Amino acid sequence: MSPLARFRKRTRPLLSPAFACPTQIPSGGGSARRVQAKAAHPKQVSSWIGIAPTLVLAGCSDWQSALHPHGANARKIFDLIWSFSAVAAGTWLLVMLALGAALLRRRLADRGRSAHEIDPRQERRFTHAVGGATALTVLVLIILTTASFFAGKSIASLSGTETLVVRITGHQWWWEVRYPKDDPSQSIVTANEIHVPVGEPVKVELDSLDVIHSFWVPGLAGKRDLIPGRPSELTLIADKPGIYRGQCAEFCGYQHAHMAITVIAESREAFDAWQSRQNTAASAPAGEEERRGQQAFLSTGCALCHTIRGTPASGTVGPDLSHLASRRALAADTLAMTPGALAAWIADPQSMKPGAKMPRIALSADDLNAVVTYLGSLE
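This note's numbering puts the sequence shown at residues 1203 to 1581.
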């Protein structure tokens, strides 16, 4: 069975309308229709009741959360979040207590007095209370503004201490990742994944070639917009090895939700080894199937959009595929890096990620399997 067939077989149950009501009702009179409708309704409700906890618990994941910081910048933002939350909660509590006390005192004071009678002492107390509340509000705003200013200043102070530069360009809907070198031939180009050494500041230079995007890896840093023609930058520091998911945080079109990026923090030794592998040209085909796949890749439109170093393929419209198989996912974390998913993506990318710029490539089943085998060897 081909990789594409296995992929479709595994995903068919996920795509079936498991919770849909029957669309055809046997012809047996109105009573039969009513009985079937009544029987379907509780089943549908129970299905939604069963799935609701899953939807709620999904929000408890720390896979992409600013409340689980793993870097200096992220911790400063985390502290600021809790400071603002604590002040807001305290302010709300004071307002509720003051409101309750005012309502209670007013009720006690109004007993035995005309509705139009005004107590001058009470009016003075109200005036003092309003003045005090206004002064307290101004003080709180000053405190929050000062805390925000110093947090931003502290984050900005990390700039200039970086030991590595990563240049990221936003596209609809994927991330081009480049490690520039003085010798352009030694520059590393990949997509949707950033490798960084643990404990070292990394300067991330940001730009966009189409629309406004926003780079956000909440576990490591705050957001930074990518505006075409206006380069920006931020500093990333990862405290410990791990995989940190990021996301485009500015609506950028149809597939905005499927524009993820992954930061892989590793030891300096592991990072240097990864750099050495990425600096090499793509591996040559080792067998007949891989050679056929390379030939099919080069003879179709694939080579016009993608680069595979060491081959005539030098397109720059799509991601560099020289070491595609070394990545964790496909299409900006839309699909897992498996032969079946890769075959499905090549065969019909619009069904996987509608609106993507990659067109459907007309390949025979044998050529498709050969291309998948070839790309799967590019580690």
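In this text, a Cβ means the ideal position worked out from N, Cα and C, and glycines have one as well. Since the structure is predicted, the reported quantities are computational estimates derived from the model, not experimental observations.
query                                                                                                                  : result
Nonlocal neighbours in the same chain, by C-beta distance under 6 Å from T1392, ignoring five residues either side     : V1379
DSSP three-state assignment for A1467, whether helix, strand or coil                                                   : strand
Identity of the residue in W1476, P1487 and T1371 nearest D1427 by Cα                                                  : T1371
Where G1455 falls: helix, strand or coil (DSSP)                                                                        : coil
Contacting residues, own chain, Cβ-Cβ under 8 Å from Q1226 (five flanking each side not counted)                       : Low confidence applies here, because Q1226 scores a pLDDT of 41, under 50, leaving its location unreliable; read the following figure in that light. There are no such residues.
Helix, strand or coil at H1330 [DSSP, three-state]                                                                     : helix
Residue interval of the alpha helix (DSSP H) (run including A1527)                                                     : Premise fails: A1527 is in no alpha helix (DSSP H) and is neither H nor E.
Given V1367 as reference, the closest of D1385, G1333 and V1406 once Cα atoms are compared                             : V1406
Neighbourhood of L1580 by C-beta distance below 6 Å, restricted to the same chain and skipping five residues each side : A1484, H1525, L1526 and A1527
C-alpha gap between A1538 and A1288, whole angstroms                                                                   : 40 Å
Beta carbon of I1396 nearer than 8 Å to that of N1481                                                                  : no
Spatial distance of S1501 from S1553 (CA atoms)                                                                        : 24 Å
Residue(s) in a DSSP beta bridge with Y1576                                                                            : Answer by DSSP bridge pairing: none, since Y1576 is not bridged.
DSSP state of Q1374 mapped onto helix, strand, coil                                                                    : coil
Counterpart residues of C1450 in DSSP-defined beta bridges                                                             : F1417
Three-state secondary structure (DSSP) of S1361                                                                        : coil
Residue span of the alpha helix (DSSP H) that contains I1548, given as start and end                                   : P1541 to A1549
CA-to-CA distance, T1464 to N1394, given in whole angstroms                                                            : 6 Å
E1402 (DSSP reduced to helix, strand or coil)                                                                          : coil
Rounded straight-line distance, which links the Cα of G1401 to that of T1363                                           : 12 Å
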